[in-house]
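**Q** Could you have a look at this structure, given as structure tokens, before my questions?
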Amino acid sequence: DGGRLCNYNNFWCRVRFLRPILNSQKYFKAHDTDIIVPTLPKSGTTWLKALTFSILNRTICSINQSPLLTTNPHDLVPQLELKFFANLDHEKNIFPTSPRLYATHVPYHLLSNSIHESNCRMIYICRNPLDYFISYRFFLLENEFESEEKHSLSLEESFDMFCRGIYPYGPFWDHVLGYWNAHLKNPDRVLFLKYEDLKEDIVLNVKKIADFMGFGFSEDEEKRGVIEEIVKLCSLENMKKLEVNKTGVFSGSVIEVKNCSFFRKGEVGDWANYLTPEMIERFDKITEAKLQGSGLNFKYSDKDI
Ligand code: A3P
41 DGGRLCNYNN FWCRVRFLRP ILNSQKYFKA HDTDIIVPTL PKSGTTWLKA LTFSILNRTI
101 CSINQSPLLT TNPHDLVPQL ELKFFANLDH EKNIFPTSPR LYATHVPYHL LSNSIHESNC
161 RMIYICRNPL DYFISYRFFL LENEFESEEK HSLSLEESFD MFCRGIYPYG PFWDHVLGYW
221 NAHLKNPDRV LFLKYEDLKE DIVLNVKKIA DFMGFGFSED EEKRGVIEEI VKLCSLENMK
281 KLEVNKTGVF SGSVIEVKNC SFFRKGEVGD WANYLTPEMI ERFDKITEAK LQGSGLNFKY
341 SDKDI
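Once you know that position 172 of the sequence shown is 212 in full-length UniProt numbering, the rest is easy, because the numbers rise by one and skip nothing.
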């Protein structure tokens, strides 16, 4: 899998994504009102897309008529870099929204200058690196990408690449630290979320996200249970059983992805079922060195939450 990656400015990206990323750097014009959801894939992107979309559009369309019931969240909140594949009008945006809502996997230091220079806000979500790694592995195994992309590496080989930072949009730690440091510098501009925290208290986090977006809930909405409705709509259990997410295919780019592969277990600590003590020891040393002094830490088990 690593053979199809290239290094660009200290980050690893799939060769076929390089041009779109460069194009998005060059051509994307950010608006001050834009809201960008940057993530590493498998860190809670789908969940955060569904939540931000629902928060933003809740007055335009009631929850029980939400497009999320019939559309994959990835078709509703476009990935910025996918917009810049040739001839691809990926946006099926039914709603003339302002703010515009976009997602991206690009690391902070490689976002377009237009984003850096604007006042647009970002909502970053990350996840403990071990669950991230396992989730990504299942995602690759589940999808028969182009033959060149088949995930032919063993778990050990793949973990070795991960530890060396040679992983899509990696090194993992650098991606997370880029947004973490941006958040520390300007918390009004970058909201920093963790998947495990959302699992622990989703209502609190939905309120936090809505406030940050400038779309906070009124007292009346709180009384009417709008937050709980959004939480339920966007829950893994609900999204997983929707027909579109069971049988549909996401084809927003040159690859096709089974919608069902975005929804798996959603557990904290699943990595413990797959990784050996030796792997963990190696990983711990790297993580300690990488995160030292940053003030950033992760929760690795549901006992921690
Ligand atoms: P697992 O593979 O551990 O189950 P992404 O959306 O960034 O691709 O991340 C996918 C991971 O988030 C998967 O984790 C998936 O099960 C989980 N996930 C997807 N939708 C979710 C939701 N609505 N709520 C909670 N977790 C969700």
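Every residue gets a Cβ at the ideal spot worked out from N, C-alpha and C, and that includes glycine.
(1) Using DSSP with H/G/I as helix, E/B as strand and the rest coil, what is residue 31?
(2) Check whether the Cβ atoms of L331 and W213 sit closer than 8 angstroms, and answer yes or no.
(3) What first and last residue would you give for the beta strand (DSSP E) that runs through Y172?
(4) Buried or exposed, going by whether 16 or more other CB atoms sit within 10 Å of the CB of R167?
(5) What is the rounded straight-line gap between the Cα of E318 and the Cα of H145?
(6) So what does DSSP say about L273, is it helix, strand or coil?
(7) Measuring only from the beta carbon, is C274 closer than 7 angstroms to any heavy atom that is part of the ligand A3P?
(8) Can you list, in chain order, the stretches of the alpha helix (DSSP H) that have 4 or more residues and sit fully within the region 281–329?
(9) Nearer than 7 angstroms: is that true of the beta carbon of S175 relative to any heavy atom of the ligand A3P?
(10) Who are the Cβ neighbours of N133 in its own chain at under 7 angstroms, not counting the five residues just before and after it?
(11) Exposed or buried, what is E188 when buried is set at 16 or more other beta-carbons lying within 10 Å of its beta-carbon?
(12) If you drop the 5 nearest sequence neighbours on each side, which residues of the same chain put their C-beta closer than 7 angstroms to that of S106?
(13) Can you give the Cα-Cα distance for R44 and D260, rounded to whole angstroms?
(14) Could you tell me which of C160, R177, Y207, D237 sits nearest to residue 32, measuring between CA atoms?
(15) How would you write the range of the alpha helix (DSSP H) that I242 sits in, first residue to last?
(16) Inspect the beta-carbon positions of I163 and V77 and report whether they are closer than 8 angstroms.
(17) Quick one: does the C-beta of K82 sit closer than 7 angstroms to a heavy atom of the ligand A3P?
(18) Can you look up Y209 in the DSSP assignment and give me helix, strand or coil?
(19) Taking 8 angstroms as the threshold (C-beta atoms), are P169 and T287 in contact?
(20) Does the Cβ of residue 2 have 16 or more other Cβ atoms within 10 Å, making it buried, or fewer, making it exposed?
(21) Looking only at its chain, what residues have a beta carbon closer than 8 angstroms to the beta carbon of D72, apart from the 5 residues adjacent to it on each side?
(22) Could you tell me if the beta carbon of W213 falls within a distance shorter than 7 angstroms of some heavy atom in the ligand FAD?
(23) Run through DSSP, which three-state label would L336 get?
(24) Looking only at its own chain, which residues have a Cβ that is under 6 angstroms from the Cβ of Y314, when we skip the five neighbours before and after it?
(25) How far does the alpha helix (DSSP H) with T86 in it extend, from its first residue to its last?
(26) What number of angstroms, rounded off, separates the C-alpha of residue 391 from the C-alpha of V289?
(27) When we look at the beta-carbon of C46 and count the other beta-carbons within 10 Å, is it buried (16 or more) or exposed?
(28) Please state the DSSP three-state secondary structure of S187.
(29) What's the call for L244, buried or exposed, on a 16-neighbour Cβ count within 10 Å?
(30) Go ahead and pull the three-state DSSP assignment for L80.
**A** Taking the coordinates as given:
(1) Since the first and last residues shown for the chain are 41 and 345, residue 31 lies out of range.
(2) yes
(3) First-last for Y172: 169–182, but that is the alpha helix (DSSP H), not the beta strand (DSSP E).
(4) buried
(5) 30 angstroms
(6) helix
(7) yes
(8) 283–287
(9) yes
(10) Confidence is the limiting factor: at N133 the pLDDT is only 47, short of 50, which leaves the residue's position unreliable, though a coordinate-based value still follows. Nothing meets the Cβ criterion.
(11) Caution applies to E188, whose pLDDT of 49 falls short of 50 and renders its modelled position unreliable; the value that the coordinates give is listed next. It counts as exposed.
(12) S94, L273
(13) 52 angstroms
(14) In the structure as shown, the chain starts at 41 and stops at 345, and residue 32 therefore has no counterpart that could be examined.
(15) 242–253
(16) yes
(17) yes
(18) coil
(19) no
(20) Not covered by the structure: residue 2. The range shown for the chain is 41 to 345.
(21) S158, N159, C160
(22) With respect to the ligand FAD, the structure shown offers nothing to examine, as its ligands consist of the ligand A3P.
(23) coil
(24) I174
(25) 85–97
(26) Because residue 391 is not part of the residues shown, which for the chain are 41 to 345, the question remains open.
(27) exposed
(28) At S187, the pLDDT of 45 sits below 50, so the modelled position is not reliable; the number obtained from the coordinates is stated separately. Helix.
(29) exposed
(30) coil
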